[in-house]
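Number of protein chains: 2
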Amino acid sequence: MLATKHQNILDNAVKANHERRFYSQYPEHPKAYGEEAPAKGAANFQAMLQQPFDQLLQTGSGSRVGEEVSPYTLEPLGITYPSTPVNELVGKASGAARQWANTPVTNRADVLTDSLERIKSLFFEIAYATMHTTGQSFMMSFQASGPHANDRALESIAMGYEELQRFPAEQSWEKPMGKTSLQLHKTFKAVPKGIGLVIGCSTFPVWNSLPGIYADLVTGNPVIVKPHPKAVLPIALAIAAIQQVLQENGFDPHLCQLAADSSEQPITKALCEHPDVRLIDYTGGSAFGNYVETLQGKTVFTEKAGVNSVILDSVQDIDAVMQNLAFAVSLYSGQMCTAPQNFFIPEQGVNTAAGMLSFNEVAQKLKDAIAALVNNPKMGAGTLGAVQNDATLRRAQDAATLGGKVLLQGGPVVNEEFSNARVCSPTLLEVSSADHNIYEQELFGPVILLIKTKDTDHSIQLAKQMAQQHGAITCGAYTTDPVVKEKIAEEMNSVFTPVSFNFTGFIWVNQHAAFSDFHVTGGNPAGNASFTNQEFIIKRFVWVGNREVVGS
Amino acid sequence: MLATKHQNILDNAVKANHERRFYSQYPEHPKAYGEEAPAKGAANFQAMLQQPFDQLLQTGSGSRVGEEVSPYTLEPLGITYPSTPVNELVGKASGAARQWANTPVTNRADVLTDSLERIKSLFFEIAYATMHTTGQSFMMSFQASGPHANDRALESIAMGYEELQRFPAEQSWEKPMGKTSLQLHKTFKAVPKGIGLVIGCSTFPVWNSLPGIYADLVTGNPVIVKPHPKAVLPIALAIAAIQQVLQENGFDPHLCQLAADSSEQPITKALCEHPDVRLIDYTGGSAFGNYVETLQGKTVFTEKAGVNSVILDSVQDIDAVMQNLAFAVSLYSGQMCTAPQNFFIPEQGVNTAAGMLSFNEVAQKLKDAIAALVNNPKMGAGTLGAVQNDATLRRAQDAATLGGKVLLQGGPVVNEEFSNARVCSPTLLEVSSADHNIYEQELFGPVILLIKTKDTDHSIQLAKQMAQQHGAITCGAYTTDPVVKEKIAEEMNSVFTPVSFNFTGFIWVNQHAAFSDFHVTGGNPAGNASFTNQEFIIKRFVWVGNREVVGS
Chain A
-8 MLATKHQNIL DNAVKANHER RFYSQYPEHP KAYGEEAPAK GAANFQAMLQ
42 QPFDQLLQTG SGSRVGEEVS PYTLEPLGIT YPSTPVNELV GKASGAARQW
92 ANTPVTNRAD VLTDSLERIK SLFFEIAYAT MHTTGQSFMM SFQASGPHAN
142 DRALESIAMG YEELQRFPAE QSWEKPMGKT SLQLHKTFKA VPKGIGLVIG
192 CSTFPVWNSL PGIYADLVTG NPVIVKPHPK AVLPIALAIA AIQQVLQENG
242 FDPHLCQLAA DSSEQPITKA LCEHPDVRLI DYTGGSAFGN YVETLQGKTV
292 FTEKAGVNSV ILDSVQDIDA VMQNLAFAVS LYSGQMCTAP QNFFIPEQGV
342 NTAAGMLSFN EVAQKLKDAI AALVNNPKMG AGTLGAVQND ATLRRAQDAA
392 TLGGKVLLQG GPVVNEEFSN ARVCSPTLLE VSSADHNIYE QELFGPVILL
442 IKTKDTDHSI QLAKQMAQQH GAITCGAYTT DPVVKEKIAE EMNSVFTPVS
492 FNFTGFIWVN QHAAFSDFHV TGGNPAGNAS FTNQEFIIKR FVWVGNREVV
542 GS
Chain B
-8 MLATKHQNIL DNAVKANHER RFYSQYPEHP KAYGEEAPAK GAANFQAMLQ
42 QPFDQLLQTG SGSRVGEEVS PYTLEPLGIT YPSTPVNELV GKASGAARQW
92 ANTPVTNRAD VLTDSLERIK SLFFEIAYAT MHTTGQSFMM SFQASGPHAN
142 DRALESIAMG YEELQRFPAE QSWEKPMGKT SLQLHKTFKA VPKGIGLVIG
192 CSTFPVWNSL PGIYADLVTG NPVIVKPHPK AVLPIALAIA AIQQVLQENG
242 FDPHLCQLAA DSSEQPITKA LCEHPDVRLI DYTGGSAFGN YVETLQGKTV
292 FTEKAGVNSV ILDSVQDIDA VMQNLAFAVS LYSGQMCTAP QNFFIPEQGV
342 NTAAGMLSFN EVAQKLKDAI AALVNNPKMG AGTLGAVQND ATLRRAQDAA
392 TLGGKVLLQG GPVVNEEFSN ARVCSPTLLE VSSADHNIYE QELFGPVILL
442 IKTKDTDHSI QLAKQMAQQH GAITCGAYTT DPVVKEKIAE EMNSVFTPVS
492 FNFTGFIWVN QHAAFSDFHV TGGNPAGNAS FTNQEFIIKR FVWVGNREVV
542 GS
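Residue numbers (the numbering used here), protein chains in the order written: chain A, -8 to 543; chain B, -8 to 543.
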């Protein structure tokens, strides 16, 4: 048993969770991980291609599945994974449950932190796996599936470590009764709710899954991980590492199982509806997410789709703002759940330090900034990454048919390393505030709408309405007026949407930092859960107290 | 503004919430409240009879309603309450919301604690009101609706006071970027979810309602209180006190409104389904509770019905055990949600310090203990109180028709003070473990079943199954064997049911102490919420963070 091996990491993480200053356990720069790690990771990734994935410790019957295709090469990865029947997965999870439930949270947290350290040794393998399944650039793949995901996982572990120790394991209770007293011995247990299911998505297979996996595990529940069939390898590597560390510490590796399936024979609903599955973490489209949310008798955590807004009121330096926004909309081709889509701009334009700019001038500035970025040979391809799948690509290519005025038609951008890469630069459409039918849709991928409003109040009203009705994970706002700023904050916060004000330079609205930013608030239709507030942890177990008369 | 008037009370309550030792802010003995309070309270209660209730500060159109009947005199109380249309209630709550939401939690907690002190001055009025609506004895009415309810309300306030200060209101975030750094100013707000609705029951109109009322208020939400039409006065008195304290401190009294209705024209569903009602606390039957739990877009806290078990394995002193159990089943005629109903006894009997007692001997002991208690002129009527309504009375009177063998037929017991009181002593039936159809029902009121099992393992299995399928709020267990004790704890806790071991003397399984015992775990069908774990508080608001580039 590791006992207190990682006490220092846990203590720092608990403190960081509370303080919400900048904090990171896992440095985000690849260079922090040694000179040999990149080449070793690349070689290991190459060696996994066209092979059965054999690093898992889980057992089970069933055939093998695998249908991943690189968005960069458009070639199948050719890796196969075990496809275990649902009842077997659930049975093995149940079999592993009791020992883990009866392990003190301090030990569980220690073993789990150890597994993060093991995952750290695979950051480059996971980065290449992420790149060639999601289409993220190498750098984003490395950061999002590596250090950033591990930091968010540690956030879950630390929150669980703290919450499960909130009440004493035992306490003596003595009630004065005149000259005598009544004495009870009480015990308090955080009883795990049951088997957890984490359903992954094709764009962020690790970052969106690790928090739920670790939240289930730290609170004493076994977890079954059902990845998107097109993005299995990144999370399979993490699961294998977790299984190894569990087994090395005397626990059943089936506490964390991979449940791979195929697009043709999906098992997600069967897993969701299995009576022993009590916790579900879901990332993905709203239709399935809404189904998951209505399942009775399950505790459900969702991140679904949202439509994120930018409110442009007034700025200091319009060029700095437009560079920032051009990057925000181009980054991973708008496939981040935090990417802005709807830009609300008053018809009279935007005030700047250099005077008033008309709506058209603002639109031109944004168009120019996007074009400059995507056509920059050193920046364009790396910022855009690749489009994960053909459906998203086709929707982006056909964006002009949505209506409105095409300000910028997206199209192919050369990726020098991967000539077949599925790349499409952003399309920019201008629509009027009356075009609800256009801007009330989530246009996942590289499509941005400029919406002409009567004034900033009107912009706020529409952005608020969008968040309330369709959900929002982020809102960018630019204003130099403190009264307007206060109003934007009040109105957007009232629909449980966080606001990022006046972002320029090396910070973008898309980015949420572990230990500080809550990712998704859980209060609007974009999702019912948040990385990582307490609800994300404490809904996974139940406090139960026993009492006994002293001396009985 | 009261600022820090009650800092000491709040600090002690926060500490007590964590430690879970014995703690009480409001002494449970009536004598603690001064010599004049009882007579004054009685006189004030008498003066309210046959009058319109005029202490509320809320305004609204609508007629007046009132249909309360004393279970002791069977006479109508003749008190009427305003019956305000649903849209008006919701509109006034909305109008009051923003000022309260923008008031710091420290101030809210202070004002709310002040309102508990105001309620304290009405403990005797509320006691008589409770007695003559619920049928509780005077002492239970005083304690449950007075100090015990106030303590549980303070628990909610303290939990909110702590949780809403968990994260800093603002923080500077500085990310190192090589030679420079990136600085953001962040703010964190706990945004209230919206209007709360608290739906009361006819047996514990104050104790079961105050925790939800104060949980809504401390987290910044307005609350509408919909009492059972047969038990309005006790909670109306508390609401009037809250309204007065709110107004005296410059807040809108409509933050806490009474929503009285009639049995003929109920408004509960209309309130539940109003889109602006976002939080619902419900106490009552399972059918309506299940409906409330399936409402989409609402955060729901329920306490529904359960079937509580007692597992008899082995005891030291059988007479002490039977006296304790006789009191537990007779107290308020089995109308407590915590009252035991199903007694699982092995067919080979129960081991005692004085040797083995057969099943029949154990049954006889329980029968004798109940008969001795209810027929004791100093104890019987006071312990039983009165049956709240005729339907419960009829069900208890007809219990023999359920099946099984009648060991003790309940019937009228003389109440010397109230000759018309609706009193019925417990009926004791013996059934076999095969009689699922009988013992799987909640037999609300004075009906107890002795169930003959194969052995204690069988008893545990059935009690566990009952809790899992039908819910349980308590489980009493008697065993002198540490291995059996561990097994009972493990099995019952696994279905989220707390166990009270070997209770004899002045402590009964029915009682849950504020600041120490979690009332209902929230993990089985008896209810999805708990007084007061953190979920009860933090699901009522959403953490939202804003960020701004420093110097922008």
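Every residue gets a Cβ at the ideal spot worked out from N, C-alpha and C, and that includes glycine. Model, not experiment: these values are computed from the prediction.
- Taking the Cα of ILE498 (chain A) as reference, the smallest distance to any Cα among A:ASP389, A:ALA317 and A:PRO257 is reached at A:ALA317.
- The Cβ of THR465 (chain A) sits no closer than 7 Å to any Cβ of chain B.
- Taking one beta carbon from each stretch, the region 64 to 78 of chain B and the region 99 to 108 of chain B have fewer than 3 pairs nearer than 8 Å; the two do not touch.
- Proximity of ALA480 (chain A) to chain B, defined by a Cβ-Cβ separation below 7 Å, is satisfied.
- Taking a 10 Å sphere around the C-beta of GLN90 (chain B), we find fewer than 16 other C-beta atoms and assign the residue as exposed.
- With at least 16 other beta carbons inside 10 angstroms of its own, ARG143 (chain A) counts as buried.
- Taking a C-beta distance under 7 Å as the contact criterion, THR523 (chain B) and PHE487 (chain B) do not qualify as a contact pair.
- For the C-beta of HIS9 (chain B), the chain A residues within less than 9 Å are, from N- to C-terminus, ARG157, PHE158 and PRO159.
- In this structure, PHE492 (chain A) places its C-beta atom within 7 Å of the C-beta atom of ALA468 (chain A).
- What GLN525 (chain A) touches in chain B, judged by beta-carbon distance under 7 Å, is GLN525 and ILE529, going in chain order.
- It is roughly 37 Å from the alpha-carbon of GLY297 (chain B) to the alpha-carbon of GLN459 (chain A).
- Under the three-state reduction of DSSP output, HIS9 (chain B) falls in the helix class.
- At least one CB of chain B lies nearer than 7 Å to the CB of ASP508 (chain A).
- Residue pairing for THR471 (chain A): DSSP places it in no beta bridge.
- Chain B places a beta carbon closer than 7 Å to that of GLU539 (chain A), counting this residue as a contact.
- Chain order gives the chain A residues near LEU175 (chain B) as ILE498, where near means a beta carbon separation below 8 Å.
- The count of Cβ pairs closer than 8 Å, one atom from the region 17 to 27 of chain A and one from the region 180 to 187 of chain A, stays below three, leaving the stretches out of contact.
- Non-local beta-carbon contacts of ALA391 (chain A) in its own chain, meaning distances under 8 Å to residues more than five positions away in sequence, involve VAL397, GLN400, THR418 and LEU420 in chain order.
- Along the region 8 to 30 of chain B, the positions whose C-beta sits under 8 Å from a C-beta of chain A are HIS9, GLU10, ARG11, ARG12 and PHE13, read in chain order.
- In the assembly as shown, LYS476 (chain B) is a buried residue. Its beta-carbon has 16 or more other beta-carbons within 10 Å.
- If you compare the alpha carbons of A:GLN502, A:LEU65, A:VAL320 and A:ALA250 with that of GLY51 (chain A), the shortest gap goes to A:ALA250.
- Contact between the region 43 to 63 of chain B and the region 8 to 17 of chain B is absent, with fewer than three C-beta pairs closer than 8 Å.
- Put simply, of A:VAL77, A:VAL474, A:GLN37 and A:THR64 the residue whose alpha carbon is nearest the alpha carbon of SER54 (chain A) is A:VAL77.
- Closest in C-alpha terms to GLN162 (chain A), from the list B:GLU526, B:LEU322, B:VAL405 and B:ASN8, comes B:ASN8.
- Taken through DSSP and simplified to helix, strand or coil, HIS449 (chain B) comes out as helix.
- For PHE115 (chain B), there is no enclosing beta strand (DSSP E); the residue is found in the alpha helix (DSSP H) stretching over 114 to 125.
- GLU116 (chain B) is classed as buried because its beta carbon has at least 16 other beta carbons within 10 Å across all chains shown.
- Between the beta-carbon of PHE13 (chain B) and that of LYS177 (chain A) there is about 10 Å, and that puts the pair past the 8 Å contact cut.
- Looking at the DSSP output, PRO167 (chain A) sits in a beta bridge with A:SER172.
- Put simply, the CB of LYS180 (chain B) is near chain A, with a gap under 7 Å to one of its CB atoms.
- In the three-state scheme derived from DSSP, where H, G and I count as helix and E and B as strand, ILE258 (chain B) is classed as coil.
- DSSP, reduced to helix, strand and coil, places HIS(-3) (chain B) outside both helices and strands of the structure shown, so it counts as coil.
- Secondary-structure assignment with DSSP links ASP272 (chain B) through a beta bridge to B:VAL189 and B:PHE292.
- For ASN199 (chain A), there is no enclosing beta strand (DSSP E), as DSSP gives it neither H nor E.
- With a threshold of 7 Å between beta carbons, TRP91 (chain B) makes no contact with chain A.
- Contact of GLU165 (chain B) with chain A is assigned, a C-beta pair being separated by under 7 Å.
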